[in-house]
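*Asks:* Mind looking over this structure? Questions follow.
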Amino acid sequence: MLLFAAKRVARALLTVLIVVGFAFAALRLSSDPALVVLGPDAPPSAIAAFRTAWGLDQPLWQQFFYYIAGLLRGEFGRSLLNGAQVLPLVGARVLVTLEIMLPALAIGIVVGVSAGAYAALRHNTPKDRLVMLGAVAGFTIPHFVLGLVLVLIFAVHLGWLPSGGNDSWRSAMLPVITLSTGWAAVLARFTRSSLVEVLGQPYIRTASAKGLLWRAVVTRHALPNAAIPVVTTIGFMVGGLLAGAVVTESVFSWPGLGQLIVTSVAARDVAVVQCVLLLVATTMVLSNMTVDFLYTLLDPRLRGGRH
Numbered sequence: 001m002l003l004f005a006a007k008r009v010a011r012a013l014l015t016v017l018i019v020v021g022f023a024f025a026a027l028r029l030s031s032d033p034a035l036v037v038l039g040p041d042a043p044p045s046a047i048a049a050f051r052t053a054w055g056l057d058q059p060l061w062q063q064f065f066y067y068i069a070g071l072l073r074g075e076f077g078r079s080l081l082n083g084a085q086v087l088p089l090v091g092a093r094v095l096v097t098l099e100i101m102l103p104a105l106a107i108g109i110v111v112g113v114s115a116g117a118y119a120a121l122r123h124n125t126p127k128d129r130l131v132m133l134g135a136v137a138g139f140t141i142p143h144f145v146l147g148l149v150l151v152l153i154f155a156v157h158l159g160w161l162p163s164g165g166n167d168s169w170r171s172a173m174l175p176v177i178t179l180s181t182g183w184a185a186v187l188a189r190f191t192r193s194s195l196v197e198v199l200g201q202p203y204i205r206t207a208s209a210k211g212l213l214w215r216a217v218v219t220r221h222a223l224p225n226a227a228i229p230v231v232t233t234i235g236f237m238v239g240g241l242l243a244g245a246v247v248t249e250s251v252f253s254w255p256g257l258g259q260l261i262v263t264s265v266a267a268r269d270v271a272v273v274q275c276v277l278l279l280v281a282t283t284m285v286l287s288n289m290t291v292d293f294l295y296t297l298l299d300p301r302l303r304g305g306r307h
């Protein structure tokens, strides 16, 4: 088990390092941050002084070395626009994003798993087809389209909810619904297909033949064995919600992490973008590691290191 954990941690660190290195190189090679911040009409002496002050005149490998050394000391850099420390800036936006991301994650899991299990237990019935029709619709509608439709219905025509901002809990309802709908639909489809496959296995028929109540057969035997693909999907949901937040926060003017990365990329504020990408990559890696460890709990065969 310790060897399994060590391999996963080493793989996670390598993945984060590759993502950070790629983002570091892409941000600097795509355009000159000095020209973006100061403008193309700035005097050459001012541009040269800016590059020197921020270390942009050094070779790329040397800049990357200093950046990694700073990360090891807990230094994430300063904003090129105002010189502020990046970590407090990103941390404040993360808290705002979590206000819609955590409820969206919870709603997506509860609604998606419940709907998928409901459809699987009524396989090939009109209720099953109706649930799957709703799941397909929820999965195919883009976030920005769903967000605009919700604004038109609940903010413009009915006037029940605000169309944007983060003044109160009412402002978070439309972004939460927008974020959770797509992933609830995905989870519903995965849960249904996995549970339908498990319910057709011989050991399920054997458990029923022994006289166990159908509810006990489903809860004790079917659901645990159908959980692995569902857990995998939930692991991907974390990164997917962060990606979806970029669009959703723009639609609803929600001042979170998604809005920050859009403005920072446009302004070529490389330190902020790097910090956000590092956070996203770390979150994805940690969620995948959590899924790996959950596999060992759900499937005892994986504990012996044979897979």
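According to my numbering, the residues represented by the sequence shown are 1 to 307, in order.
Ideal Cβ positions, reconstructed from N, Cα and C, are used throughout, including at glycine.
1. In whole angstroms, what separates the C-alpha of S114 from that of N225?
2. My guess is that A281 and V16 are in contact by the Cβ rule of under 8 Å, so how many angstroms apart are they, rounded?
3. Give me whichever residues DSSP pairs with Q85 in a beta bridge.
4. Hey, would you say R65 sits closer than 8 Å to G21, going by beta carbons?
5. Determine the closest residue to F67 out of M284, M289, V270, with distance taken between C-alpha atoms.
6. Could you tell me the distance, in whole angstroms, from the CA atom of L38 to the CA atom of R51?
7. Is the segment 154-162 close to the segment 172-180, with three or more CB pairs under 8 Å?
8. Where in the segment 21-77 do unbroken runs of the beta strand (DSSP E), each at least 3 residues long, occur, reported from the N-terminal end onward?
9. Can you grab the Cα-Cα spacing for the pair S79 / C275, in whole Å?
10. Can you confirm whether the segment 142-158 touches the segment 196-203 when touching is taken to mean that 3 or more C-beta pairs between the two stretches lie within less than 8 Å?
11. Please classify H123 as buried or exposed, where buried requires at least 16 neighbouring CB atoms within 10 angstroms.
12. What's the call for Q259, buried or exposed, on a 16-neighbour Cβ count within 10 Å?
13. In chain order, what residues of the same chain lie with their CB nearer than 8 Å to the CB of V96, ignoring the 5 residues before and after it?
14. Take L242 and list the residues in its own chain whose beta-carbon comes closer than 6 Å to its own, dropping the five residues that flank it on each side.
15. Tell me which residue opens and which closes the alpha helix (DSSP H) that K127 is part of.
16. Would you kindly check if the distance between the Cβ of S180 and the Cβ of A245 is under 8 Å?
17. Helix, strand or coil for R268? Go by DSSP, reduced to three states.
18. For I261, count neighbouring Cβ atoms within 10 angstroms of its own Cβ and tell me buried if that reaches 16, exposed if not.
19. Compute the distance between the beta-carbons of V272 and A188, then report whether it is under 8 Å.
20. Nearest by alpha-carbon distance to H143: which of E99, V247, L102 is it?
21. Ignore the nearest five residues each way along the sequence and tell me which others in F76's own chain have a CB closer than 6 Å to its CB.
22. Spatial neighbours of K210 within its chain, please: CB distance less than 8 Å, with the 5 preceding and 5 following residues excluded, ordered by chain position.
*Replies:* If we stick to the structure as given:
1. 16 Å
2. 5 Å
3. R78
4. Residue identity differs from the one stated: residue 65 is Phe in this sequence, not Arg. In this structure, G21 does not lie closer than 8 Å to F65 by Cβ.
5. A small correction: the amino acid at residue 67 is Tyr; Phe does not occupy that position in the sequence shown. Nearest to Y67 by C-alpha distance, out of M284, M289, V270, is V270.
6. 11 Å
7. yes
8. none
9. Here the alpha carbons of C275 and S79 stand approximately 10 Å from one another.
10. no
11. H123 comes out exposed.
12. buried
13. Setting aside the 5 residues that flank it on each side, V96 is surrounded in the same chain by N166, W254, P255, G256, L257, each with a C-beta closer than 8 Å to its C-beta; the list follows chain order.
14. V280
15. Element bounds for K127: 126-140.
16. Not in contact: A245 and S180 (Cβ atoms no closer than 8 Å).
17. Here R268 carries a coil assignment [DSSP, helix/strand/coil].
18. buried
19. no
20. V247
21. By the criterion of a C-beta distance shorter than 6 Å, F76 is surrounded in its chain by V86, L87, C275, once the five residues flanking it on both sides are discounted.
22. No residues qualify anywhere along the chain.
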